[in-house]
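The numbering used here puts the first residue of the sequence shown at 21, with every later residue one more than the last.
All C-beta atoms in this analysis are idealised placements derived from N, C-alpha and C, irrespective of residue type, glycine included.
On a predicted model such as this, the values are computed, not experimentally measured, just so you know.
Take a look at the structure set out below.
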Amino acid sequence: MKPDMSVEIAGLKLRNPVMTASGTFGYGQEFADYVDLERIGAFVTKGLSLKPRAGNPTPRIVETPGGMLNAIGLQNVGIDAFIQKKVPFLRSVNTPAIANFFGNTIDEYAELAGRLDAIPEIAGLEVNISCPNVKQGGIVFGTDPQCAFDVVSACRELTVKPLIVKLSPNVTDVVAMARACADAGADALSLINTLTGMAIDLNRRRPVLANITGGFSGPAIKPVALRMVWQVARAVDLPVIGIGGIMTATDALEFILAGATAVQVGTASFINPRASQEIADGMEAWLMEKGVESVRSLIGALETS
Ligand SMILES: Cc1cc2nc3c(=O)[nH]c(=O)nc-3n(C[C@H](O)[C@H](O)[C@H](O)COP(=O)(O)O)c2cc1C
């Protein structure tokens, strides 16, 4: 008997808990030659803004022990080109596509939420709140509970689709952020986004990245991500999507035990473009081997006493 791998997030039915992480899977189509998109649970598009963005100057990626730093600078085609050029492909895929988006003001976030809400091919929205609020001195929305509440509330008003809020790990108290987003009407929380880091070229006495700092991702961040997922899943009554350093089926199942309903695979897809599908297959094989009938029975099943 094959185990039941299906999970549900805010009414969104996924055939299995494996999603791909924003910024690591293009708009879906780029990976269609490598991954059978109908064998993963869902995929998340590169973060969208109202206007197209060229991103930061290069170098903007560097490998570090156990991970990588990126300062892509949220390069993307913008919402208009997304609708014209990327959405038609989504019609041919029988797998939920989640649109990730961001803004620099609450109005920008809200406008994007409304425009994405009107696209039938988009199954859900993931709002990236790890961006500076230019109207409030550049404070990052996702590092202040009131700012997070305000931006999520504004998006909530303009969409009836499942609204996932993606949390930043660059905070002292991730649970306070999670609660603020829940109070604002989020349907689910995804975590973690990248940790801010930097790399230095000693001989040149210069930062490696043109942007100086970048977002740290990959296997090195997994323990931090697991801890935050565990803390948030216990504290907030919303489904949690675990992200951070997931390279194998074992990693993914650890996040499920910690309380995640689903997971996202990010950096792993750069090393092996088939990683997400292989992780989904590997999870199913583990459940079969252990005689576990449903992956849902593992959610939050970590034993701590
Ligand atoms: C090159 C790159 C680009 C990313 N772009 C985005 C983005 O546009 N929006 C977003 O919310 N997260 C973005 N992320 C963060 C990932 O979705 C993910 O949260 C993070 O990399 C941690 O997961 P991982 O360790 O599996 O990569 C990006 C990550 C990388 C490595």
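- In the same chain as LYS242, and ignoring 5 residues on each side of it, the C-beta atoms closer than 6 angstroms to its own belong to GLY264, GLY265, in chain order.
- In terms of side-chain proximity, the C-beta atom of LYS66 is found nearer than 7 angstroms to a non-hydrogen atom of ligand 1.
- Short of 8 angstroms from the beta carbon of ALA255, and not among the five residues preceding or following it, lie these beta carbons of its own chain, in chain order: VAL195, ALA198, ARG199.
- Exclusion of the five residues before and after ASN124 leaves VAL154 as the residues of its chain whose Cβ lies within less than 6 angstroms of its Cβ.
- Runs of the alpha helix (DSSP H) spanning 4 or more residues and lying entirely within the segment 78-105 occur at 98-101, in chain order.
- A distance below 8 angstroms between beta-carbons, with the five flanking residues on each side excluded, links GLN166 to the following residues of its chain, in chain order: ALA200.
- Here the alpha carbons of ALA52 and PHE109 stand approximately 10 angstroms from one another.
- By the C-beta criterion, the segment 83-91 is judged to be in contact with the segment 229-246, since at least 3 inter-stretch pairs fall below 8 angstroms.
- Between the segment 56-64 and the segment 291-300 there are three or more inter-stretch CB-CB distances shorter than 8 angstroms, so the stretches are counted as touching.
- DSSP places ILE126 in the uninterrupted alpha helix (DSSP H) bounded by 126-137.
- Look at MET303: its beta carbon is at least 7 angstroms from all of the heavy atoms in ligand 1.
- Membership of VAL38 in any alpha helix (DSSP H) is not indicated; the residue belongs instead to the beta strand (DSSP E) covering 38-40.
- Placement of the Cβ of ASN153 at a distance of 7 angstroms or more from every heavy atom of ligand 1 is found.
- When only Cα atoms are considered, GLU83 and PHE122 end up about 26 angstroms apart.
- DSSP, reduced to helix, strand and coil, places SER289 within a helical segment of the structure shown.
- For ALA130, the closest of LYS106, ASP164, THR179, ASP203 by C-alpha to C-alpha distance is THR179.
- Here the C-alpha atom of VAL191 lies approximately 44 angstroms from the C-alpha atom of MET21.
- Counting the other CB atoms within 10 Å of its CB gives LYS66 a total of 16 or more, which places it among the buried residues.
- Distance check between ALA62 and each of LEU277, VAL97, SER42 places SER42 closest, using alpha-carbon atoms only.
- Proximity of the beta carbon of LYS106 to ligand 1 is not indicated: no heavy atom of the ligand is located closer than 7 angstroms.
- With a 10 Å radius around the Cβ and a threshold of 16 neighbouring Cβ atoms, THR281 comes out buried.
- Between the C-alpha atoms of GLY93 and ILE103 there is a straight-line separation of about 21 angstroms.
- Assigned with DSSP and collapsed to three states, GLY234 falls in strand.
- Around the beta carbon of THR214, a 10 Å sphere encloses 16 or more other beta carbons of the protein chains shown; the residue is thus reported as buried.
- Taking one beta carbon from each stretch, the segment 315-322 and the segment 272-287 have 3 or more pairs nearer than 8 angstroms; the two touch.
- Contact between ASP207 and LEU229 does not hold, since the beta-carbon distance rounds to 34 angstroms and is not under 8 angstroms.
- By the neighbour-count definition (other C-beta atoms within 10 Å, threshold 16), ARG176 is a buried residue.
- Around the Cβ of THR270, a 10 Å sphere holds fewer than 16 other Cβ atoms; the residue is exposed.
- Excluding the 5 residues flanking it on each side, GLY286 has same chain C-beta neighbours closer than 7 angstroms at ALA41, THR44, SER237, ILE263, in chain order.
- Between LEU307 and PRO23 a beta carbon distance of about 4 angstroms is seen, short of the 8 angstroms cut, so the two are scored as contacting.
- In this structure, DSSP gives LYS155 a helical state, which the three-state scheme calls helix.
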